[in-house]
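Asks: Residue numbers (the numbering used here): 2 to 159.
Think of the CB as a built atom: it goes at the ideal place given N, C-alpha and C, for glycine as much as any other residue.
Predicted model only: the values in this text are computed from it and were never measured.
Below are the structure tokens for one structure; questions will follow.
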């Protein structure tokens, strides 16, 4: 039995930079695996030059949504939250799509839409979590998060 991703749905990848390449490729530089660690030798607040979030939304081509908006929110340890960035995707039904066929070896076609956010600079005053959400036809979908932590010692790369 093949289990396909829930649609609509998606995911977010946090990284240091996003570069658009020739041929429709996107390169993500310095991908985070859930945490951004800062050594506490630098006094806070500190500005990171930038942080990026690559957003990927997947949909069933037979059930395209009317609206998609993307929000990046900051959640602080004290429970407060604020919007860091947000944008709306263009109306999906107005985008010119190539013929919608399943990928080879796949029986269900999926439509992918992506977008990128660059936050420059990113102010860090304390630990917090960035969470990316997509609101698709009024329903909020959690796409991913990045927790910023202050540590005494950075782990060894390996």
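When the Cβ atoms of the segment 13–31 are set against those of the segment 60–70, are three or more pairs found closer than 8 Å?
Replies: No, the segment 13–31 does not touch the segment 60–70.
Asks: Note down the Cα distance separating residue 91 from residue 42, rounded to an integer number of angstroms.
Replies: So the two alpha carbons sit approximately 44 Å from each other.
Asks: Which partner residues of residue 126 appear in the DSSP bridge assignment?
Replies: Per DSSP, none; premise fails for residue 126.
Asks: Would residue 223 be called buried (16 or more neighbouring beta carbons within 10 Å of its own) or exposed?
Replies: The requested residue 223 does not occur in the structure, where the chain is confined to residues 2 to 159.
Asks: Apart from the five residues just before and just after residue 145, which ones in its own chain have a Cβ nearer than 6 Å to its Cβ?
Replies: If we look at residue 145 and ignore the five residues flanking it on each side, its Cβ neighbours are 12, 13, 133.
Asks: Assuming residue 56 and residue 140 make a contact with CB atoms under 8 Å, what is their CB distance in whole Å?
Replies: Not quite, the Cβ-Cβ distance comes to about 16 Å (not below 8 Å), so this is no contact.
Asks: Out of 120, 10, 53, state which residue places its alpha-carbon closest to the alpha-carbon of residue 69.
Replies: The candidate whose alpha carbon is nearest that of residue 69 is 10.
Asks: Does DSSP put residue 24 in a helix, in a strand, or in coil?
Replies: Three-state DSSP puts residue 24 in a helix.
Asks: Measure the beta-carbon distance from residue 49 to residue 123 and round it to whole angstroms, keeping in mind my assumption that it falls under 8 Å.
Replies: With 8 Å as the limit, residue 49 and residue 123 qualify as a contact, their Cβ atoms being about 4 Å apart.
Asks: Less than 8 Å between the C-beta atoms of residue 37 and residue 85, yes or no?
Replies: Cβ distance not < 8 Å, so residue 37 and residue 85 don't count as in contact.
Asks: CB-CB under 8 Å to residue 152, same chain, minus the five flanking residues each way: which ones, in chain order?
Replies: Counting only Cβ-Cβ distances below 8 Å, and skipping sequence neighbours, we find 38, 39, 40, 41.
Asks: Please name the residue, chosen from 125, 154, 128, 111, that lies closest to residue 236 on a Cα-to-Cα basis.
Replies: This structure does not reach residue 236, given that the chain is present from 2 up to 159, and the question cannot be answered.
Asks: Would you give the residue range spanned by the beta strand (DSSP E) that residue 225 belongs to?
Replies: Any question about residue 225 goes unanswered here, given that the chain covers just 2 to 159.
Asks: DSSP three-state label for residue 42, please.
Replies: Correct three-state label for residue 42: coil.
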